[in-house]
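Listed in order, the protein sequences are those of chains A and B.
For the first sequence, this note's numbering assigns the number 1 to the initial residue and increments by one for each residue that follows.
For the second sequence, this note's numbering assigns the number 1001 to the initial residue and increments by one for each residue that follows.
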Amino acid sequence: MAAPMGRTLLGVARGWRRLDSLWAGSPRSRHLSLEAAPSGSRSPWRLLGALCLQRPPLITKPLTPLQQEMADLLQKVETERSLYSDHELRALDEAKRLAKKKADLYDDDQDEQGITLAQDLEDAWEQAFLQFKPGARVTEADKKNDRTSLHRKLDRNLVLLVREKLGDQDFWMLPQVEWQPGETLRGTAERILTKLSENNMEAKFLGNAPCGHYKFKLPKAIRTESDIGVKVFFFKALLLTGDFSQTGKKARHVWVSKEELGDYLQPKYLAQVRRFLLDV
Amino acid sequence: MATAGMLCAARALRPRSWIPGICQTQTRHTHQRTSLLSFWELIPMRAEPLRKKKKVDPKKDQAAKDRLKRRIRKLEKATQELIPIEDFITPVRFLDKSRQRLQEEHSSEESEQRALLLKRWALYKKQEHEAERDTITALLEAQQEALQELKLESPELYAEAMKRDCSLFPFEKEGPHHTPPISNYQAPEGRYNDITKLPTPNYKSSNNDWERRLQSYSEGKVSGRFSDQSAAAFVS
């Protein structure tokens, strides 16, 4: 557990070094105002904003056996305590008349009852219902297990994961970006959204506060006084409309439910992420 | 001769001015007197004694109308006509005995099964509620830890994170349905007749409708219960 963690951290650290060289020119102050910061106030942790983008469920979950039993019982009790409706009264009358007709074996002035019986109406309704084909609850993407499409697991919350290169290795993680001074962390998360989706996706951010965090220290070889480690702050957002344009094997993203997170994320990262994801 | 007599009379009328130096023409200088009443008392204005003022007829009518208006206003305030809730009024056709279902007796096994199912359901709901509560506390804990870390990092970002998000509410979202929406679905065309009954009040009070109201009051139509007019309006 520790060895692969160490290796990944090394790889991450190398990646950070590269990123550091890219951002050498950026101002080092952490203040939101544009004044120059005093030299001693800069904290040794790097700040990152990350986006936990969730697609809320489109359909309800199937009922468990106990729930189904209870639903049936409640329906039965409701019919028992109800009064007869007009349709039912009509059906009862016609049943009586038919029985009388058979018993008496002669036609009185019973021909006024009309051609359409209640039974005929019910049959017609049944036919009309069978002709309507509702949308499928288990979609094609479910069957193919295509994890890059949004149309799978319609009764679950799906979270977006992206594959990023840190150092030499590829890691699956929630999309993250370094915080730039002058913006709030939520602004960082919004920037991630626009960058990823190229303005295709709309999301509703759930508040200004982060929902979770993950911090790790750089390995001792690379650690310095002014650069101990990295802190990532996650922000939750609900996807309203839009999708990635690229899906399939070439895509670097994946929509995943809570159980499948374990297939992608590193253990410690996973443990922190699971804390703020609901079981739905 | 006459002038001498006039002068004598004037001298006689003159009050004796004991104080030396005062002008002898003092009697006619009324602007030097302190009270004006004495001036008016000297000159009589009326020939007949004072009488009580008679009330003018238009004013009497106006006063009567005002009294009536006040009474009508009080009556209207007292009888606040509430819009009846149609769900709470049982339609008469549902009170028919032929509508009532035959109450079937359940066997003892069936009632026992029902009772056991209800017990299992209560246990299940309790477990569900506890799980939800635990999830919520875990979520809050994770958020609090993140906020503490942020506070250690930078107080300004922490302050920004603690601000209330005003754009969050009102938040509207359609809940999950039984089946997903069909792509390229063509809804069947048709027209519909809207038969919702809008409640009409007994009458609308307007400021300039006093004549009609006075008339209806005099005819005895203003009352505390629904009048026949309103009952007809709801039934139709």
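Each residue gets a CB set at the ideal place from its N, CA and C atoms; glycine is no exception.
Report the residues of the region 194-213 of chain A with a CB closer than 8 angstroms to any CB of chain B, ordered along the chain. Lys204, Phe205, Leu206, Gly207, Asn208, Ala209, Pro210, Cys211, Gly212, His213
Taking only three categories from DSSP, how would you classify glycine 187 of chain A? helix
Whose C-alpha, out of A/Arg252, A/Leu278, A/Leu89, A/Lys61, is nearest the C-alpha of leucine 154 of chain A? A/Lys61
For my contact list, phenylalanine 233 of chain A and leucine 185 of chain A are in at a C-beta cut-off of 8 angstroms; report their separation, rounded to the angstrom. Their Cβ separation, rounded to whole angstroms, is 5 angstroms, which keeps phenylalanine 233 of chain A and leucine 185 of chain A in contact under 8 angstroms.
Thinking C-alpha only, which one of A/Val254, A/Gln272, A/Val177, A/Asp146 is nearest threonine 188 of chain A? A/Val177
Please list the residues of the region 40-64 of chain A that have a C-beta atom closer than 8 angstroms to any C-beta atom in chain B, keeping them in chain order. Ser43, Trp45, Leu47, Pro56, Pro57, Leu58, Ile59, Thr60
Hey, quick one: how far does the alpha helix (DSSP H) through tyrosine 84 of chain A stretch, first residue to last? That residue, tyrosine 84 of chain A, is in no alpha helix (DSSP H); it is neither H nor E in DSSP.
CA nearest to the CA of alanine 1161 of chain B, picked from A/Asn208, A/Asn157, A/Arg90, A/Leu174: A/Asn208
Where leucine 265 of chain A sits in the DSSP three-state scheme: coil
Quick check on glutamine 131 of chain A: does DSSP put it in helix, strand or coil? helix
Beta-carbon neighbours of aspartate 243 of chain A, restricted to chain B and to distances below 7 angstroms: Within 7 angstroms Cβ-Cβ: nothing; aspartate 243 of chain A doesn't reach chain B, min ~14 angstroms.
May I ask you to list, following chain order, the residues of the region 162-181 of chain A that have a beta carbon less than 7 angstroms from some beta carbon of chain B? none
So what does DSSP say about histidine 1129 of chain B, is it helix, strand or coil? helix
Kindly indicate the opening and closing residues of the alpha helix (DSSP H) around aspartate 1057 of chain B. 1057-1078
Give me, in chain order, the residues of the same chain whose beta-carbon lies closer than 6 angstroms to that of glycine 277 of chain A; leave out the 5 immediate sequence neighbours on both sides. Before going further, note that residue 277 of chain A is leucine rather than glycine in the sequence given. Cβ within range, chain order: Lys258.
Decide if lysine 236 of chain A is buried, meaning its Cβ has at least 16 other Cβ atoms within 10 Å, or exposed. buried
Should valine 1056 of chain B be labelled buried (16 or more other beta-carbon atoms within 10 Å of its own) or exposed? Burial is judged here by how many other beta carbons sit within 10 angstroms of a residue's own beta carbon; valine 1056 of chain B has fewer than 16 and is exposed.
Answer with buried or exposed for threonine 148 of chain A, where buried requires no fewer than 16 other C-beta atoms within 10 angstroms of its C-beta. buried
Rank A/Cys52, A/Lys133, A/Ala103 by C-alpha distance to the C-alpha of glutamine 1186 of chain B and give the top, closest one. A/Lys133
Given that a residue counts as buried once 16 or more other Cβ atoms are within 10 Å of its Cβ, and exposed if not, what is glutamate 1130 of chain B? Counting every other CB atom within 10 Å of its CB across the protein chains shown gives glutamate 1130 of chain B a total below 16, marking it as exposed.
Buried versus exposed, by CB contacts within 10 Å (16 or more), tryptophan 125 of chain A: For tryptophan 125 of chain A, the number of other beta carbons within 10 angstroms of its own is below 16, and it is reported as exposed.
Roughly how far, in whole angstroms, is the beta-carbon of glutamine 68 of chain A from the beta-carbon of leucine 158 of chain A, given that I think they are within contact range, below 8 angstroms? Glutamine 68 of chain A to leucine 158 of chain A, Cβ: 26 angstroms. No contact.
Go ahead and label alanine 1146 of chain B buried or exposed: buried means 16 or more other beta carbons lie within 10 angstroms of its beta carbon, across all protein chains shown. buried
What residue range does the beta strand (DSSP E) around tyrosine 214 of chain A cover? 212-217
Can you tell me whether DSSP reads lysine 280 of chain A as helix, strand or coil? Correcting the residue type first, residue 280 of chain A is valine in the shown sequence and not lysine. DSSP places valine 280 of chain A in coil when its eight states are reduced to three.
Cα-Cα separation, glutamine 1103 of chain B to aspartate 72 of chain A: 19 angstroms
Proximity test, Cβ basis, 9 angstroms: alanine 136 of chain A and chain B: yes
DSSP state of methionine 70 of chain A mapped onto helix, strand, coil: helix
Quick one, which residues of the region 82-107 of chain A are near chain B if we go by CB-CB under 8 angstroms, in chain order? Ser82, Leu83, Tyr84, Leu89
Below 8 angstroms on C-beta distance, what does glutamate 80 of chain A contact in chain B? Arg1101, Gln1103, Glu1104
Does DSSP classify arginine 156 of chain A as helix, strand or coil? coil
Is the CB of arginine 1133 of chain B under 9 angstroms away from at least one CB in chain A? No, arginine 1133 of chain B lies away from the interface with chain A (no Cβ there is under 9 angstroms from its Cβ).
Taking only beta-carbon positions, decide if aspartate 155 of chain A is within less than 9 angstroms of chain B. yes
Residues of the region 1137-1148 of chain B with a CB closer than 8 angstroms to any CB of chain A: list them in chain order, please. Taking 8 angstroms as the upper bound on Cβ-Cβ separation, chain A lies near residues Ala1138, Leu1139, Glu1141, Ala1142, Gln1143, Glu1145, Ala1146, Leu1147 of the region 1137-1148 of chain B.
Let me confirm a value: glycine 286 of chain A is counted as buried when at least 16 other C-beta atoms fall within 10 Å, else exposed. Which label applies? With chain A covering only 1 through 280, there is no way to say anything about residue 286 of chain A.
Measure from the C-beta of threonine 1292 of chain B to each C-beta in chain A and report whether the shortest distance is under 9 angstroms. Outside the displayed span of chain B (1001 to 1236) sits residue 1292 of chain B, for which this structure offers no information.
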